[in-house]
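Residue numbers (our numbering), protein chains in the order written: chain W, 14 to 291; chain A, 64 to 349.
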């Protein structure tokens with residue numbers, strides 16, 4: 014039996030997604046127990062890994078770039094080299110060991126997608142500022158940033174087959190199933206929500222669990238009393254030599270989805286490389 | 064193990080905190096049936112003697128503990144209904160509660176907090192060194208509260224309330240109160256770190272910061288004392304009769320009042336002057 018994480022990156026004009034994925038992989042290596050720290054990377058140009066000092070943090074590298082942008086994630090089930098996989102967004106960071114929760118998923122789930130996220134202050138997010146189409150169309154509030162699935166699963170196969178179809182024909186699906194409020198883009202979260210709704214499996218694949226707790230740093234859902242463009246306009250993000258992250262006055266212990274891509278600086282990468290080398 | 068209640072009072076030119084502490088002590092003693100101690104200064108005691116309150120204080124309080132008059136730090140604007148007045152804020156030595164309390168387990172309360180039931184007795188059983196008031200609850204509607212009644216600043220931690228604080232004499236409590244003192248003494252520095260306004264010292268802020276630091280800078284998973292039911296200083300205590308406090312509640316803070324009454328729920332009465340004025344008769348009977 015194999016378990017591992019899966020990260021998708023694609024060449025982008027202004028954002029170095031490989032750097033983000035590298036930071037995430039380093040944080041996984043630095044915090045997760047042996048056997049729970051494997052990382053596979055899906056990338057459209059394998060040669061870019063030569064720029065990394067420790068490309069070995071990616072245990073498997075899959076060259077694949079058939080879909081534009083983030084749409085490739087709809088193919089996660091096909092591309093994952095693991096028996097059990099957690100697919101993550103690249104702009105995330107692990108800050109402590111969560112291995113024991115993975116055992117729970119392996120024993121109990123074929124497919125699990127979280128339906129909650131948290132502010133940097135630890136409050137559950139109820140604000141639907143970025144999710145009006147979910148509310149209006151009564152879709153399950155799914156977050157694809159942490160998707161657990163079993164490779165050998167009919168449920169997961171059926172789900173991802175439909176997700177791929179939605180990704181290939183977004184207008185057709187949104188015209189039919191998101192009439193009350195159409196999103197500008199049918200992203201992975203929307204595709205997941207639609208697929209689970211159409212298949213009627215929302216309660217089977219997404220229910221309340223204490224894990225994963227993912228801090229979602231989109232600015233308008235932090236319960237600030239005013240509008241915000243960036244969280245970092247209002248609070249500092251302090252990453253230290255122990256690989257610990259404090260945001261404002263709050264030590265972060267959960268998984269952080271930092272959203273602001275320029276957080277993963279060369280300096281932060283260096284700090285994590287130092288730790289992983291030790 | 065001894066259990067008791069502690070109240071701080073330092074009179075100023077506008078508010079007779081001594082009277083308020085007697086009223087608060089009367090209800091706390093009646094409903095919690097625990098001894099009560101008062102922390103005050105010599106000038107407040109002198110005023111009690113002058114105004115014939117000291118003999119009542121001696122009867123109501125288990126111990127009267129003398130403290131140096133706190134250093135004046137800032138003024139505070141209080142309302143008495145629509146009227147406004149400015150008072151010097153002197154209630155900034157709460158950090159000394161750990162050292163001064165004569166009890167093994169102490170409920171520290173504000174002198175404008177009126178205890179009308181025995182619910183807080185249950186909280187003495189909780190094994191947690193320091194338990195703060197979780198939040199305030201407006202008697203009318205939370206819409207009358209501002210963001211800064213709920214958080215110490217726009218980007219920082221939740222506001223906990225030092226209106227009610229239960230603590231024991233453990234080492235952790237001692238560290239906690241030392242930390243409250245450190246925050247008090249370095250209020251400007253902490254205001255930069257936690258982004259709260261340093262203009263007016265607030266015990267609630269110092270206690271909230273100390274708790275957050277003690278908890279490792281993560282949101283607390285702790286016990287709290289019940290949310291503090293509060294009438295604002297824009298509300299007016301209309302009368303006190305037959306153990307019932309009747310208030311004129313300023314619905315939208317624009318002098319549109321309606322009546323409501325409280326008789327069995329603990330109540331934080333922020334309009335100090337009307338509390339003093341309307342309970343004069345009660346004081347006479349003590």
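The beta carbon of each residue, even a glycine, is placed where N, CA and C say it ideally should be.
These figures come from a predicted structure and were not determined experimentally.
Any C-beta of chain A under 9 Å from that of residue 134 of chain W: yes
Contact list for the stretch 252-275 of chain W against chain A, Cβ threshold 7 Å: 259, 261, 262, 263, 264 and 266
Test: residue 217 of chain A CB closer than 9 Å to a CB of chain W: yes
Beta-carbon proximity check, residue 259 of chain W vs residue 142 of chain W, cutoff 9 Å: no
Minimum length 4: unbroken alpha helix (DSSP H) runs contained in the stretch 98-146 of chain A: 105-113 and 117-123
Partner residues on chain W for residue 67 of chain A, Cβ-Cβ distance less than 8 Å: Correct list: empty, because the minimum Cβ distance to chain W is about 34 Å.
Residue environment, residue 91 of chain A, which counts as buried when at least 16 other CB atoms sit within 10 Å: buried
Interface residues of chain W facing residue 281 of chain A [CB-CB closer than 8 Å]: 135, 263, 264 and 266
Residues near residue 233 of chain W by beta carbon distance below 8 Å, same chain, minus five either side: 140, 142, 143, 240 and 241
Pair within 9 Å by beta-carbon distance, residue 193 of chain A and residue 277 of chain A: yes
Simplified DSSP assignment, three categories, for residue 11 of chain W: One cannot answer for residue 11 of chain W here, as it falls past the ends of chain W, which runs 14 to 291.
At least three beta-carbon pairs within less than 8 Å, the stretch 201-217 of chain A to the stretch 237-244 of chain A: no
Length of the line joining the Cα atoms of residue 333 of chain A and residue 314 of chain A: 15 Å
Whole-angstrom distance between residue 137 of chain W and residue 284 of chain W, CA atom to CA atom: 30 Å
Proximity below 9 Å, CB of residue 219 of chain A to CB of residue 258 of chain A: yes
Distance, residue 123 of chain A Cα to residue 209 of chain A Cα: 36 Å
Simplified DSSP assignment, three categories, for residue 90 of chain W: helix
Ranges of the beta strand (DSSP E) found wholly within the stretch 160-228 of chain A, counting only runs of at least 3: 168-172, 193-196 and 199-201
Validate contact between the stretch 20-36 of chain W and the stretch 264-277 of chain W using beta carbons, cut 8 Å, 3 pairs: yes
Expected contact under 8 Å - CB spacing of residue 101 of chain W and residue 159 of chain W to nearest Å: 6 Å
Segment contact flag, the stretch 241-250 of chain W with the stretch 112-120 of chain W, C-beta cutoff 8 Å, min 3 pairs: no
Opposing strand residues paired with residue 53 of chain W [DSSP bridges]: W/19 and W/73
Spatial neighbours of residue 111 of chain A in its chain, beta-carbon cut-off 6 Å, leaving aside the 5 residues before and after: 81, 117 and 120
Nearest-angstrom beta carbon gap, residue 110 of chain W and residue 46 of chain W [assumed within contact, 8 Å]: 6 Å
Spatial neighbours of residue 89 of chain A in its chain, beta-carbon cut-off 8 Å, leaving aside the 5 residues before and after: 123, 345 and 349
Alpha carbon of residue 70 of chain A to alpha carbon of residue 97 of chain A, nearest angstrom: 13 Å
Distance, residue 192 of chain W Cα to residue 199 of chain W Cα: 13 Å
Delimiting residues of the beta strand (DSSP E) encompassing residue 221 of chain W: Looking at the DSSP string, residue 221 of chain W is not in any beta strand (DSSP E), and its letter there is neither H nor E.
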